[in-house]
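S.K.: Sharing a structure with you now.
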Amino acid sequence: MNIKSKTIGVKAVLSAIPSLSSFADLRVWGMPVEERRKPIHGGMAAAKRQRWRECRFCITPRMACSRAMQEQLPRSKNLSRCRHPRQAHPTPFLIHKLGIAAVLSAFAFFLSACDISQLNNPYSKKDADLAVLYSAFTERPKHLDPAISYSANEYTFLGQIYEPPFQYHYLKRPYELVPLTAMQMPEVVYLDVEGNPLPENAAEAHIAFTDYLIEIKAGVRYQPHPAFAKNSDGTYRYHALNDSEIAHITALADFDQLETRELVAEDYVYQIKRLAYSKIQSPIAELMKQYIVGFDEFYEATRDVETGELMQRKLSGVEALGKYRYKIRINGKYPQFSYWLAMPFFAPMPWEADVFYNQDGLIEKNITLDWYPVGTGPFLLAENNPNRRMVLEKNPNFRFEAYPDEGEPEDREQGLLEDAGKALPFIDKVVFTLEKETIPYWQKFLQGYYDASGIASDSFDQAVQFSGSGEVGLTRSMEEKGIQLKTSTVTAIYYMGFNMLDSLVGGLSDEARKLRQAIAIAVDYEEFISIFMNGRGEAAQGVLPPGIFGYAEGQEGLNRYVYDWVDGRPKRKSIEAARQLMVEAGYPGGIDPKTGQPLILYFDTTSSGIDDRSRLNWFRKQFRQLGIKLVIRGTDYNRFQQKMRAGNAQIYMWGWNADYPDPENFFFLLYGPNGKVQFGGENTGNYQNPEFDRIFEKMRNMDNTDERFRLIQKLQEQVRYDVPWLFGFYPKDFILYHQWYKNVKPNLMANNRLKYVRIDTAIRTEKRQQWNQPVFWPIVLVLLLLAVLIVPAVLAYCRKIRALAH
C-alpha cells in the first residue's frame, strides 16, 4: 500500500468518529474543561473533603459538578451531591460514547503515526537502499582459518573471503577449473629423479617430480585490516601492542587505523608453510606429506618454532620465483593436485596477519585469525556474532572480475548470461541469521524475508509435489508466489558397508559374496528414499555419482547383480532371487547351519535415538525378508570410530562427499593400501582385491580419456560383483528461490558462489509489502469487545452509587 492510500485510509477512520471538537460543548465528566481547571479553595483539608463528595448522577467530585454549583441545589446532611434531575445530565451515555471514541481515536493515531507496511520485518531500514542477500545458518562455524577449516558450513563464509589461485567455472559442466587470482592455469613440468625436464607424454614410471608454476595477477589487494597499518616511520602500528593498548580493545572494529597491501606470491608460499606447521594441525597435513616435496621435513623441523619465525624458514618444495610467480613441487605424478589449488587451504595468507593475531592479549579476547579472517575476496566479514548473526560486506578493495560470458547451451535461454561481462559482486551485503528451528526459517522464507530455502521434511508436502510419472514440481501455492525450484544430484554417496575382515560377511569367497549380493537385493533403497527422504535421492548403481567423469547412464551403468533393465529403466530383482542366493551361500531360509537358528548379523551405528528408531526398524524388516535377524548395536561417535579403526564393526553406514570432481576421489575409498585397520586410511570396509588395486593404480593419474573411461567401468564391475558396499543412494538437493534471486545455477564444487548472485530489490520490496499486509481487524474486535465489557461495568457502578445515595 502506498503512502497516499494509507493517508486516505486514516482519514476514513477518523471521519467515522464524532468530531472531537464537538465534545468541547459537552460537559466532560459533568463540567466544562475550564471549570475543571479552577483551583480548589480552602487548602488541603477542603481538597480532601471535596475529593470524595460525588454527584449521584454524574459520579464526579462535588466541586466538579457544574450544574450543582451553578444552581446551588440543596445538599443532604450526610452527602454533598448534586440533586439535579437525572434526565438533564445523561453522563452514562457520554461515558459509553467517549469509551468507543477513545478506542477508535487511539487506533487512528496508531495508523497515522506508524508505517503499517511490513510490521513483521526483522531487518533494519538502513539497508533498504542496498542490495542485501538474506540467508541463515543453523550451526556456528568452528574455524575460519583456511589452514584448519574443512566443513561445508565454514566454507560458506571462507569461500567469499579467501581466494586460492584457481576456481571452478560457475556455469560450465562438467566442472572445469579456471584462473582466479592466477593469470592462467598452472604450467605443469614433469621431472626425472635428477630434476631434468621430461616430455608431457612421459611414462608415469619415469616421472619423479612434478612442478606447478603459477603466476598471479598484479594489483590484487587485501581488505582493509589493522594488521597492515603502519606508523610514519614504516613500523607496524599494531604488531607489538602493550597491555594498556589492548585493554581498550574488545573487537577488531576497535582498531581505528586500517590499511591494505598488494597480494604477492610469497603469501601463497607462506600459507603452504602454515599447512606444514605442526602447531596449526591442518587436517590435510598428513595427505600433503605424501605429495609436496619437503613438507614432512618442514613439519618436523618447525615443531618448536614460533609463528613469527615461519616466514624465514624454507620449505624445499615451495618457493617464490618473483613478486608474482611461485612454484610447488610434488612427488611423482598427481594430476588431481590442481583441484586442491582451488580450495581455501591454498589461499594466500599475509604474514602480517599471523604476527598481528599471535599477540597474547588479543588471543585472550578471541581476536584471532580463526575468528576474523583477512583475504582478497569479494567480501569481508564485517560482523561475527555466531550466536545471533554473521554479516559479509563488499570488500572495497576488490578488483574487477567479470561475470562469465559462456556456459552450457541452455544457460542463455534460462537468463544465466544476462549479466555477462558485468563487474562482480552484484550484492553489497550478505546477512546470515542464526535459525536453529526449521519452522521459523520456513515461515520467514514464505514472507520474503529469506531469499532462498531448503525444504525440511515437515514442509515438504507444502512445497513440492510429484506427478504420476515421478517428476518433481512445485505446488500451486509456491507457483503463485513465483518461487523457483532447483534440484541437483550431490557429488556424494551414502552406502552400507561390510567389514571385509569379518569372518562371516567379509572375504572374497563365493559364499560370503553371495550373502552380500542377497542383502544388496533385499535392502530396497528406492523405498528408503521414498519413506525417509521425501524422494530426495537416487538409488546408486555404483561408486560414482552423476557429474563425475566415468559415471555411465542408462543400461551401460546398470548394476546387473541387483537390477534388471525393464521398460527402459532399472528394476530391482525380486526377493525370490535374493532368497535363492541365500541358499547358494549356505543359509537356506536365513538359517545358520551351525546353530539351526536364524542367521544373526550386527549393524553398528551412532543413530540410536528415538528419531532414528523407525529407520532402524526398517533395516530390520529388510533383513527379515531373508530370514536374517539384524541386531542393532548403537554407540556414541567416539566408540564407533574406535570400532572402525580396530575392525570390530560388522555392518555399518557411511558416506563420502567429493573433495574434487575426479573418480580417483571415490575409488581410493576401496583401494587396498588405504585400509582402515592396517593403514589407517579411508577404506573403511578394508576391501582388498589385487585386480581392483591394479586397475586403480593405472587409472588414478590418467587424463580423462576414453581409455580411462574403460578402466573406470572395469572398477565399477569389480566392486558390483564383490559387494563390499551396498550402493545406497546419491542425495539430491532441493532448493527454493524467490523470483528476485537471479543467476541461480547449482554448483556443487564452487565455494565462492555468492559473488555471482544478483538480487532484484524492487521486486523483493513489492512482494514483501504484498505478502505482509498487517491485519488489524482482530485488534479492533478485541478493543471493541473490551469496550463492550467495560461500559456495562461502569453503568452498573453508577446504578450502585445512585442506590446508595437514596
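Read in order, the letters of the sequence shown are residues 36 to 841 in the working numbering.
Yeah, the Cβ is synthetic: ideal placement off N, Cα and C, and Gly gets one too.
1) Mapping the DSSP letters down to three states, classify I645 as helix, strand or coil.
2) Secondary structure at E441, three-state DSSP: helix, strand or coil?
3) Skipping 5 residues on each side, what residues in its chain have a beta carbon closer than 8 Å to that of R423?
4) Can you tell which of T216, A238, L212 has its C-alpha closest to the C-alpha of M737?
5) Check E399 in the structure and name its three-state DSSP category.
6) Which residues in the same chain have their Cβ closer than 6 Å to the Cβ of D537, if we skip the five residues on either side of it in sequence?
7) Between K549 and L616, which are expected to be in contact by the criterion C-beta below 8 Å, what is the C-beta distance as a whole number of angstroms?
8) Return the CA-CA distance between P209 and D331, expressed in angstroms with no decimal places.
9) Indicate whether L193 and P318 have their beta-carbon atoms separated by less than 9 Å.
10) Use the C-beta contact count for L356: other C-beta atoms within 10 angstroms, 16 or more gives buried, fewer gives exposed.
11) Tell me the residue span of the beta strand (DSSP E) that contains P623.
12) Quick one: what's got a C-beta closer than 8 Å to I564's C-beta in the same chain, skipping five residues either side?
13) Grab me the residues of K606's own chain with a C-beta within less than 7 Å of its C-beta, minus the 5 sequence neighbours each way, in chain order.
14) Hey, would you say V213 sits closer than 9 Å to Y203, going by beta carbons?
15) Quickly, what does DSSP pair Y598 with across the bridge? List them, please.
16) According to DSSP, is E506 helix, strand or coil?
17) Among D486, S649, F381, which residue has its Cα nearest to the Cα of I518?
18) To the nearest angstrom, how far is it from the Cα of Y185 to the Cα of L376?
19) State whether the stretch 240-254 contacts the stretch 348-365, with contact taken as three or more CB pairs (one from each stretch) at a distance under 8 Å.
20) Specify the secondary structure class of I794 as computed by DSSP and reduced to three states.
21) For Y560 versus L761, is the C-beta spacing smaller than 9 Å?
22) For the candidate residues I836, E591, V779, whose alpha-carbon lies nearest to that of S523?
23) Output yes or no for whether 9 Å exceeds the beta carbon distance between G352 and V328.
24) Short check: CB of Y273 to CB of P261, under 9 Å?
25) Quick check on Q316: buried or exposed, where buried means 16 or more other Cβ atoms within 10 Å of its Cβ?
26) Going by C-alpha to C-alpha distance, which of L509, S488, G503 sits closest to Q497?
27) Starting from Y756 and walking both ways along the alpha helix (DSSP H), at which residues does that stretch end?
28) List the DSSP bridge partners of W760.
29) From L704, H773, E321, P413, pick the residue whose C-alpha is nearest to that of Y722; which is it?
30) Would you give the residue range spanned by the beta strand (DSSP E) that A417 belongs to?
31) Please list the segments of the alpha helix (DSSP H) lying wholly inside the stretch 312-390, counting only runs of 4 or more residues, in order along the chain.
32) From N786, Q804, F811, W775, pick the residue whose C-alpha is nearest to that of I794; which is it?
33) Would you mind working out which of V558, V754, F414 sits nearest F701, comparing C-alpha positions?
34) Closest to E294 by C-alpha separation, out of A264, E222, L215, G707, would be which residue?
35) Reducing DSSP to helix, strand and coil, say where W775 ends up.
36) Alpha carbon to alpha carbon, how far is E106 from L839?
M.R.: Judging by the given coordinates:
1) Here I645 sits in helix by DSSP.
2) Residue state, collapsed to three classes: coil.
3) Short of 8 Å from the beta carbon of R423, and not among the five residues preceding or following it, lie these beta carbons of its own chain, in chain order: T468, L469.
4) M737 has its Cα closest to that of A238, out of T216, A238, L212.
5) Here E399 sits in helix by DSSP.
6) Only Q685 meet the Cβ criterion.
7) Contact between K549 and L616 holds: their C-beta atoms lie close to 5 Å from each other, under 8 Å.
8) One alpha carbon belongs to P209, the other to D331, and they sit about 34 Å apart.
9) Not in contact: L193 and P318 (Cβ atoms no closer than 9 Å).
10) L356 should be labelled exposed.
11) Per DSSP, P623 belongs to no beta strand (DSSP E) and is neither H nor E.
12) G570, R571, G572, E573, A574, F764, listed in sequence order.
13) Y598, D599.
14) In this structure, V213 places its C-beta atom within 9 Å of the C-beta atom of Y203.
15) Partner(s): R607.
16) Here E506 sits in coil by DSSP.
17) It is D486 whose Cα lies nearest to the Cα of I518.
18) When rounded, the distance between both Cα atoms is 14 Å.
19) By the criterion of at least three beta-carbon pairs nearer than 8 Å, the stretch 240-254 is in contact with the stretch 348-365.
20) Strand, per DSSP.
21) Their beta carbons are under 9 Å apart, which means Y560 touches L761 by this criterion.
22) The candidate whose alpha carbon is nearest that of S523 is V779.
23) Yes, the pair counts as a contact, with Cβ atoms nearer than the cut-off.
24) Result yes, Cβ atoms of Y273 and P261 sit closer than 9 Å.
25) Taking all protein chains shown into account, Q316 has fewer than 16 neighbouring C-beta atoms within 10 Å of its C-beta and is therefore exposed.
26) Taking only the C-alpha atoms, the option nearest Q497 is L509.
27) It spans 741-757 - the alpha helix (DSSP H) in which Y756 sits, taken as one unbroken run.
28) BP columns for W760 point to G532.
29) The residue with the shortest Cα to Cα distance from Y722 is L704.
30) Annotation: the continuous beta strand (DSSP E) that includes A417 extends over 414-420.
31) Taking only runs of at least 4 residues, the alpha helix (DSSP H) segments lying wholly in the stretch 312-390 are 320-324, 330-336, 372-375.
32) Among N786, Q804, F811, W775, the Cα nearest to that of I794 is on W775.
33) Cα-wise, what sits closest to F701 is V754.
34) Nearest neighbour of E294 by Cα position, chosen from A264, E222, L215, G707, turns out to be A264.
35) In the three-state reduction of the DSSP assignment, W775 falls in the coil class, being assigned neither a helical nor a strand state.
36) Caution applies to E106, whose pLDDT of 45 falls short of 50 and renders its modelled position unreliable; the value that the coordinates give is listed next. Cα to Cα, the separation comes out at about 23 Å.
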